[in-house]
Structure formats: structure tokens, C-alpha cells
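Q: Residue numbers (UniProt numbering): 1 to 297.
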């Protein structure tokens, strides 16, 4: 029971036990450390991700308090995993039709008349990184406030230098269950720097100091939203609109944090063979503010 006259705090939820019925459902015991109260979370499909389970409980607690200015009178929460995908990102069961292999687990395709990349889950080991990619985009959408899907995709690339996810691809239309997700669709924005360097006769890529300055600025925006990319490098960075004045660097693959990664602020600058005489080495040494001061034209 909640103590009488206790001051409300934002929920801090931990999961203490998760009873899973394989292929059917799960039931978890959750404790709100902020308000000293137990909850039971029942999900209609098996979920092993404690972070997701705790986020769901915290979401329901906060929504009730915001609506009623009082803690919830209930201790049981019944939900589905559809919430996670439907809440922020649309789903689609589109037929990829004509597709061209791009790399392992990725194809060129056309979706809603737009040239896109379909990233597909090939093996069980891919699932966790795909979950993090989706959750990261949802976190950034939360930071944007009340925006529609088109504006969210635009702001994702202009404010955060991140390629947006247009839709989560499912086996059946309208379902977002974990075992139903096949991958997601992203707009095709250009080639990664590694490929551009391989194609260039002198192994250089047309990345300027301004590109790096913009990337450092927007990586700082990611940090302000509590997001870390985890592996900034030449093969996770795209040069968008390479031959136009609107060209910019965009990040992909926000799915894994590499071992011993010290943070995005200390990531090696992408593009070793850039036109910047320092090879991009001034980008992000130590902290974002210092990096920005160094890179600022």
C-alpha cells in the first residue's frame, strides 16, 4: 500500500521477477522505487526485456497521475506488446516487390513511391539491436513533442542527423507483436562514407569541416535527449545529397554500443580521407562544447 501523505515522485520502476509462459504470455512483479509501491504487469506475449517492462509500468503510472493528480488506485496493469510500436511508429506489411540487395540484412526497395532501404531481421541475434533502433527513434520523437509523422521524420534528420524509420515492417498488417516484426523501412539517403572512399580514385570523400561541425552539434542534441549512438564510424555514417549545397552527414545503425566505447563525444571523426587537412580529427575530442569550438568556422 502507498503511504498516506507521501509526496509524489516520478516513478522509478524496477522489475523483480518475470514469469514467462513460452509462446503465450508473461507476468512481472514491478516496484516503483519513487513512490514505494508494487505493481503486477501482465503482457499477452512473452517479453524478456526488463527495460521495456519497466518503461510500460512507468508510462501507465505517470499517465494516470497527470490525468487525475493522484496515484493510481490499481496495482495490476494488463497490456500488449503492440503498445511499443503503435505508440510512436507506424507499422506496415508492404510487399517489397522488386528489391536489390544492398548488404547483409538490407535491400533497396520502393515504399509509398519513395526509394527506401528495408532492414530485415535475419537471425535471433539481430533482434536486440533492432529493438534498440526502434526505441531510440521513439525516444527522439518524445523529445520533439507533439509533431506528426512527416515532421518527425524531417526533424530526425535536421535536428539529430539521424536517418528516420518510416515504418516498422510486420508479417501481418496492424500487428506489432515482437515475433511478428520483420524489420523496418528507412529512406535511402545516400552511400556510407566507407563505400564513397572505396569508389574514389584517391580514397577521399567530400566531407568538409562544416559537415563535421554540424554532426558534432547534432550528436550533442542526441546526448541532451539521453541517446548515445554507440558506434560512430565510416560505415555507420552516410553523406546525404553529396553533390548539393544541402549535403550533410547522417547516422545509421543506432543498434549496438561497441565494447570499451567511451561515448559519442570521443568517437573518431568519420571520414579519415576528408578535405579537412586534419582528417576530421578535431571532431569530438573529449566533450561536445570543445569539439564545437574547434570545428566552428
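Quick reminder that beta carbons are idealized off the backbone N, C-alpha and C, glycines included. In this text the structure is predicted, and so the values were computed from the model without any measurement.
#1: If you draw a straight line from the alpha carbon of residue 296 to that of residue 196, how long is it in whole angstroms?
#2: For residue 339, does the three-state DSSP call read helix, strand or coil?
#3: Skipping 5 residues on each side, what residues in its chain have a beta carbon closer than 8 Å to that of residue 21?
#4: Run through DSSP, which three-state label would residue 171 get?
#5: Residue 185 and residue 118 - do their beta-carbons sit closer together than 8 Å?
#6: Under 8 Å, with one C-beta from each stretch per pair, do the region 11-26 and the region 46-59 reach the 3-pair mark?
#7: Tell me, please, whether the region 63-77 touches the region 151-168 by the rule of three or more beta-carbon pairs shorter than 8 Å.
#8: Need the endpoints of the alpha helix (DSSP H) that residue 67 sits in, please.
#9: Specify whether the region 48-68 and the region 7-17 touch according to this definition: at least 3 beta carbon pairs, one from each stretch, less than 8 Å apart.
#10: Can you tell me whether residue 184 is helix, strand or coil according to DSSP?
#11: Roughly how many angstroms separate the alpha carbons of residue 104 and residue 236, rounded to a whole number?
#12: Name the residue from 32, 89, 250, 143 whose alpha carbon lies nearest to the alpha carbon of residue 150.
#13: Considering only C-alpha positions, which residue in the set 68, 61, 65, 67 is nearest to residue 76?
#14: Where does residue 272 sit, in a helix, a strand or coil, going by DSSP?
#15: With a threshold of 16 other CB atoms inside 10 Å of the CB of residue 16, please say whether the residue is buried or exposed.
#16: Could you check the C-alpha separation between residue 65 and residue 193 for me, to the nearest Å?
#17: Looking only at its chain, what residues have a beta carbon closer than 8 Å to the beta carbon of residue 116, apart from the 5 residues adjacent to it on each side?
#18: In the DSSP assignment, find the alpha helix (DSSP H) that holds residue 33 and state where it starts and stops.
#19: Which residue's Cα is closest to the Cα of residue 217: 19, 251, 164, 160?
#20: Runs of 4 residues minimum, wholly inside the region 206-238: which ones carry the alpha helix (DSSP H) assignment?
#21: Does the structure place the region 220-235 close enough to the region 130-139 that three or more beta carbon pairs sit under 8 Å?
#22: Measuring CB to CB, does residue 207 end up less than 8 Å from residue 250?
#23: Report, in whole angstroms, the separation of the C-beta atoms of residue 230 and residue 254, which I expect to be a contact under 8 Å.
#24: Identify the continuous alpha helix (DSSP H) that holds residue 192 and give its terminal residues.
#25: Using 10 angstroms around the beta-carbon of residue 123, count the other beta-carbons present and answer buried if the total reaches 16, otherwise exposed.
#26: What's the gap between the Cα of residue 201 and the Cα of residue 106?
#27: Let me know the secondary structure DSSP gives residue 247 once reduced to three states.
#28: Out of 8, 43, 42, point me to the one whose CA is closest to residue 34's CA.
#29: Tell me the DSSP bridge mates of residue 254?
#30: Would you kindly work out how many angstroms separate the C-alpha atoms of residue 126 and residue 133, rounded to a whole number?
A: To lay it out plainly:
#1: On the chain shown, position 296 is the one that residue 296 refers to. On the chain shown, position 196 is the one that residue 196 refers to. Residue placement at residue 296 is flagged as unreliable, the pLDDT there being 41, under the threshold of 50; the coordinate-derived value follows with that caveat. Roughly 25 Å between the two C-alpha positions.
#2: Residue 339 falls outside the range modelled here, since the chain spans only 1 to 297, and no answer is possible.
#3: The sequence position of residue 21 within the chain shown is 21, counting from 1. Excluding residues within five positions, the ones whose Cβ falls inside 8 Å are 46.
#4: Looking up residue 171 in the chain shown gives position 171. Three-state result, residue 171: coil.
#5: Along the chain shown, one-based indexing puts residue 118 at 118. Along the chain shown, one-based indexing puts residue 185 at 185. Result yes, Cβ atoms of residue 118 and residue 185 sit closer than 8 Å.
#6: Contact holds: three or more Cβ-Cβ distances are below 8 Å.
#7: no
#8: Locating residue 67 in the chain shown gives position 67, where the first residue counts as 1. Start and end: 50-68.
#9: In short, these stretches touch, since the Cβ pair count reaches three.
#10: Taking the first residue of the chain shown as 1, we reach residue 184 at position 184. Three-state DSSP puts residue 184 in a strand.
#11: Counted from its first residue, the chain shown places residue 104 at position 104. Counted from its first residue, the chain shown places residue 236 at position 236. In a straight line, the C-alpha of residue 104 is about 14 Å away from that of residue 236.
#12: By 1-based counting over the chain shown, the position of residue 150 is 150. The shortest Cα separation from residue 150 among 32, 89, 250, 143 belongs to 89.
#13: As a first step, residue 76 is located in the chain shown; it is residue number 76 there, counting from the start. Nearest neighbour of residue 76 by Cα position, chosen from 68, 61, 65, 67, turns out to be 61.
#14: Counting from one through the chain shown, the residue named residue 272 turns up at place 272. Per-residue confidence for residue 272 stands at a pLDDT of 45, beneath the threshold of 50, marking its modelled position as unreliable; the derived number appears in the next sentence. Correct three-state label for residue 272: coil.
#15: In the chain shown, counting from the first residue as 1, residue 16 sits at position 16. By the 10 Å Cβ count, residue 16 comes out exposed.
#16: Mapped onto the chain shown, residue 65 falls at position 65. Mapped onto the chain shown, residue 193 falls at position 193. Distance between the alpha carbons of residue 65 and residue 193 is about 47 Å.
#17: Position 116 of the chain shown holds residue 116. 108, 109, 110, 166, 185, 186, 187, 188, listed in sequence order.
#18: Here the question's residue 33 lines up with position 33 in the chain shown. No alpha helix (DSSP H) holds residue 33; DSSP gives it neither H nor E.
#19: For the purposes of this step, residue 217 is identified with residue 217 of the chain shown, where counting begins at 1. Per the Cα distances, 160.
#20: 209-224
#21: Short answer: they touch.
#22: Here residue 207 corresponds to residue number 207 of the chain shown, with the count starting at 1. Here residue 250 corresponds to residue number 250 of the chain shown, with the count starting at 1. No, the Cβ-Cβ distance between residue 207 and residue 250 is not below 8 Å.
#23: To locate residue 230, count along the chain shown from 1; it is residue 230. To locate residue 254, count along the chain shown from 1; it is residue 254. With 8 Å as the limit, residue 230 and residue 254 qualify as a contact, their Cβ atoms being about 7 Å apart.
#24: Translated into positions along the chain shown, residue 192 becomes position 192. Unbroken run through residue 192: none, as it is neither H nor E.
#25: Position 123 of the chain shown, counting from 1, holds the residue named residue 123. Label assigned to residue 123: exposed.
#26: Numbered from its first residue, the chain shown carries residue 201 at position 201. Numbered from its first residue, the chain shown carries residue 106 at position 106. Distance between the alpha carbons of residue 201 and residue 106: 26 Å.
#27: Taking the first residue of the chain shown as 1, we reach residue 247 at position 247. Coil.
#28: Position 34 of the chain shown, counting from 1, holds the residue named residue 34. Cα-wise, what sits closest to residue 34 is 8.
#29: Working through the chain shown from its first residue, we reach residue 254 at position 254. Bridge partners of residue 254: none, in fact.
#30: Here residue 126 is taken as the residue at index 126 of the chain shown, counted from 1. Here residue 133 is taken as the residue at index 133 of the chain shown, counted from 1. One C-alpha to the other measures close to 11 Å.
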